[in-house]
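A.B. asks: Be aware that the sequence shown starts at 13, since it is given in the working numbering, and climbs by one per residue.
Before anything else, here's the structure in question.
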Amino acid sequence: LGQFEILQQDSFKEKEMQFFMLKQRRCDHFNTLHHFMGFLIEISNMLAVEPDKSLRLGCLQQQAEVLNEWIFERRCAVALSEGTFHLTGLQIPIAEGGRDENFVINHQILRVSVSECKIFSSKKRAPYLMAYETADLD
């Protein structure tokens with residue numbers, strides 16, 4: 013094989029590898045968001061089974077602190093390893109502008125405001141409000 017053909021093969025292999033890595037990154041990102049949403053649901057389920065309603069807010073605040081630690085550690089790991097948060101940071105995909113589906117905010121969650129956590133009254137469930145700060149880190 014000539015040098016030009018070898019370069020073409022190497023270029024093709026590199027593009028295949030980039031495609032594979034992007035696909036893997038998308039899969040990892042989806043799984044992380046899935047686990048994050050699952051964690052938020054678990055918090056509600058945990059609060060619902062707590063019989064003493066006066067302890068619920070403290071439990072929610074503890075879980076928010078754990079979540080803040082995880083978010084911070086994840087952000088540090090991403091910053092040290094890859095340098096970009098696209099498909100690696102933690103975000104809640106939200107479309108801005110109502111009907112314009114092409115514009116999506118890709119802000120990363122920085123932290124949950126523990127002092128602003130609230131639990132609403134309900135007989136069967138424990139709905140809660142969790143405020144969080146975001147920023148575009150890319």
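Heads up, the beta-carbon is just placed ideally off N, CA and C, and yes, glycines get one too.
(1) Name the two residues that bound the continuous alpha helix (DSSP H) containing Ala76.
(2) Use the C-beta contact count for Arg137: other C-beta atoms within 10 angstroms, 16 or more gives buried, fewer gives exposed.
(3) So what does Arg218 bridge to, in DSSP terms?
(4) Name the one or two DSSP bridge partners that Arg123 has.
(5) DSSP state of Lys27, grouped into three classes?
C.D. replies: Based on what the coordinates show:
(1) Arg68 to Ser93
(2) exposed
(3) Lying before the first or after the last residue shown, residue 218 is absent from the chain, which here runs from 13 to 150.
(4) Glu145
(5) helix
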